[in-house]
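Trainee: Heads up, the sequence shown is in numbering that gives the first Met the number 0, so the first residue is 0 and it goes up one at a time.
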Amino acid sequence: MKPKVNPTAQSSFLLPELRDQLDGRQKLYRLAEAFDWSKFEEAFGGLYSEEGRPALPIRRMVGLLLLKHLYDLSDERVVEFWSLSPYAQFFCGERELQWGAPCEASELVHFRQRIGAQGAEKILAATIELHGDRGREKEVVADTTTQEKNITFPTDTKLSAKIVRTGVKHAQKRGIRLRQSFVRTVPKLLCAQRGWRTKGGAARARKAARRLKTIAGQVVRQLDKALPADCQERRWLEVAQRVLRQKRHDSDKVYSLHEPQVYCLSKGKEHKKYEFGAKASVVMGKNRGVILGAYSLPKNDYDGHTLDPALAQVERLAGYRPSVVIADRGYRGKAWCGQTEVITPKPPKASDSLYARRKARGRLRRRAAIEPRIGHLKSDHRLGRNFLKGQQGDAINLLLASAASNLSLWMRQTFSALLSVLRTWWLQTIEPSHNQLARGF
Numbered sequence: 000m001k002p003k004v005n006p007t008a009q010s011s012f013l014l015p016e017l018r019d020q021l022d023g024r025q026k027l028y029r030l031a032e033a034f035d036w037s038k039f040e041e042a043f044g045g046l047y048s049e050e051g052r053p054a055l056p057i058r059r060m061v062g063l064l065l066l067k068h069l070y071d072l073s074d075e076r077v078v079e080f081w082s083l084s085p086y087a088q089f090f091c092g093e094r095e096l097q098w099g100a101p102c103e104a105s106e107l108v109h110f111r112q113r114i115g116a117q118g119a120e121k122i123l124a125a126t127i128e129l130h131g132d133r134g135r136e137k138e139v140v141a142d143t144t145t146q147e148k149n150i151t152f153p154t155d156t157k158l159s160a161k162i163v164r165t166g167v168k169h170a171q172k173r174g175i176r177l178r179q180s181f182v183r184t185v186p187k188l189l190c191a192q193r194g195w196r197t198k199g200g201a202a203r204a205r206k207a208a209r210r211l212k213t214i215a216g217q218v219v220r221q222l223d224k225a226l227p228a229d230c231q232e233r234r235w236l237e238v239a240q241r242v243l244r245q246k247r248h249d250s251d252k253v254y255s256l257h258e259p260q261v262y263c264l265s266k267g268k269e270h271k272k273y274e275f276g277a278k279a280s281v282v283m284g285k286n287r288g289v290i291l292g293a294y295s296l297p298k299n300d301y302d303g304h305t306l307d308p309a310l311a312q313v314e315r316l317a318g319y320r321p322s323v324v325i326a327d328r329g330y331r332g333k334a335w336c337g338q339t340e341v342i343t344p345k346p347p348k349a350s351d352s353l354y355a356r357r358k359a360r361g362r363l364r365r366r367a368a369i370e371p372r373i374g375h376l377k378s379d380h381r382l383g384r385n386f387l388k389g390q391q392g393d394a395i396n397l398l399l400a401s402a403a404s405n406l407s408l409w410m411r412q413t414f415s416a417l418l419s420v421l422r423t424w425w426l427q428t429i430e431p432s433h434n435q436l437a438r439g440f
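In structure tokens, the structure reads:
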């Protein structure tokens, strides 16, 4: 059922309002006042049923998601943070101080599934609108990065052992009697395959890896015969069969049983040769630095092919089409994307004037500003490791991290503007009178 909205603004006789107790200069307080929360009520109100128990307020749920990514918290920690911080409660729309928890942590999971990636796009669009026309720049910067999934480093041995353990659990759950559970065999084989670098250990390790794969095949075949055709475990069984069939140099490999859509990316990093997750395209304003688009790619496409969906998302969220996109050499081969010019680093022409060369150099220098921005998305706003499930989880996590980054940018710029006003007032009012008083002595 839709959340109930209290139309009256009458103050409580017993409890004072949070607005009267908090410091209006605090960043989160100013952000709560500047944000347009009514759009979320209109956008997400139609996603609820007309029957059942009234749901939790939409502003509270959206606020918790933003706080989660703004301060790099888990679902459980953001619920605890809300109970401890009156500013967080005011940000989420509370009028009086609350003593209990706002909701169960699992409610955030249900709300993310309810709004989906389209709802997360609306949250990002609201943060773009918060910056006004200054955030909608004609020239933008684009780059791609890897959003790593919360999976272990994949090896054939790990996947085979996981198939055996999970298959035995499914058999016990369904009451299927296997010929052997391999409870003692699998740990011994895992220990034997670790000695690749020891004397004579490589042969033992290869033998243990082959034996693990054989055992995994036995468990999968027994389950395939015994499980019903329409049971829930059939989907897992298909993924396990894909893992056992794949070869070393196959292109479409499975790297995780619970996240089969994960693919391998190699960005040429010295400290991390391979990353496993999803490629993400980020579009940022050249000067202001507002993130205008954050698109999660289902496949590891060439960077130049990611511009069309990324710019279409910018046009959908920000309401305009950028005229120039500045990118790195990974986007070479595409000079125009529709009506948008694509600029990549290249040697200047002999006929270019000194002004044209300086302008091109300044653009490319400004392009490098997106690199630390992506780094802050990963280290500060939960883009470094994605804990949400599936491709929809990839898109939601990327969009909410970008929205939190825009809010953090707005709070920093607002505070800097306030300091600039105070500095101007000091220089024009206090310092002249102080100097005049000093000259009098």
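Each residue gets a CB set at the ideal place from its N, CA and C atoms; glycine is no exception.
1) Please classify Ala402: is it buried, with 16 or more other beta-carbons within 10 angstroms of its beta-carbon, or exposed?
2) Ignoring anything shorter than 3 residues or poking outside the segment 234 to 273, list the beta strand (DSSP E) runs there in chain order.
3) Measure the Cβ-Cβ separation of Val323 and Val282 and say whether it is below 7 Å.
4) Could you tell me whether the segment 89 to 99 touches the segment 129 to 149, where touching means 3 or more Cβ pairs closer than 8 Å?
5) Got a sec: does the ligand ATP put a non-hydrogen atom nearer than 6 Å to the Cβ of His380?
6) Just reading off the beta strand (DSSP E) that Ile290 is part of, what are its end residues?
7) Classify Arg364 as buried or exposed, calling it buried when 16 or more other Cβ atoms lie within 10 Å of its own Cβ.
8) With a threshold of 7 Å on Cβ separation, who are the neighbours of Ala100 within its own chain once the five nearest residues in sequence on each side are excluded?
9) Relative to the C-alpha of Ala279, which residue among Gln245, Arg366, Val261 and Ser159 is closest?
10) Short of 8 Å in beta carbon distance, which residues of its chain neighbour Gln25, apart from the five on each side in sequence? Order them along the chain.
11) Given Gly242, which residues of its chain have a CB within under 6 Å of its CB, disregarding the five upstream and five downstream residues?
12) Around the Cβ of Pro321, are there at least 16 other Cβ atoms within 10 angstroms (buried) or fewer (exposed)?
13) Near His380, what residues of its chain come up, given a Cβ to Cβ distance below 6 Å and the 5 sequence neighbours on each side ignored?
14) In angstroms, rounded to a whole number, what distance separates the CA positions of Ile395 and Ala31?
15) So, helix, strand or coil for Ala367, using DSSP?
16) Specify the secondary structure class of Asp132 as computed by DSSP and reduced to three states.
17) Return the CA-CA distance between Arg210 and Leu387, expressed in angstroms with no decimal places.
18) Check this for me: beta carbons of Ala204 and Trp195, under 7 Å apart or not?
19) How long is the line joining the alpha carbons of Arg58 and Glu40, rounded to whole angstroms?
Mentor: If we stick to the structure as given:
1) Of the other Cβ atoms in all chains shown, 16 or more fall within 10 Å of the Cβ of Ala402; this residue is therefore buried.
2) You should have 262 to 264.
3) Against a cut-off of 7 Å, the Cβ pair of Val282 and Val323 comes out as no contact.
4) The segment 89 to 99 is not in contact with the segment 129 to 149.
5) The ligand ATP is not part of this structure, which contains no ligands at all.
6) Its beta strand (DSSP E) spans residues Ile290 to Ser295.
7) Looking at its Cβ environment, which holds fewer than 16 other Cβ atoms inside 10 Å, Arg364 is exposed.
8) Within the same chain, Ala100 has close Cβ partners Val78 and Ser82.
9) Taking each of Gln245, Arg366, Val261 and Ser159 in turn and checking the Cα distance to Ala279, the smallest one comes out for Val261.
10) Residues of the same chain with a CB within less than 8 Å of the CB of Gln25, apart from the 5 flanking positions on each side, are Tyr86 in chain order.
11) The question names Gly, but residue 242 in the sequence shown is Val. Contacts found: Leu158 and Val253.
12) Counting the other Cβ atoms within 10 Å of the Cβ of Pro321 gives 16 or more, which makes it buried.
13) Around His380: His68, Ala400, Ala403 and Ser404.
14) Each residue's alpha carbon lies about 22 Å from the other.
15) The three-state reading of DSSP puts Ala367 in coil, since its state is none of H, G, I, E or B.
16) Correct three-state label for Asp132: helix.
17) For the pair Arg210 and Leu387, the Cα-to-Cα distance works out to about 34 Å.
18) Yes.
19) Roughly 7 Å between the two C-alpha positions.
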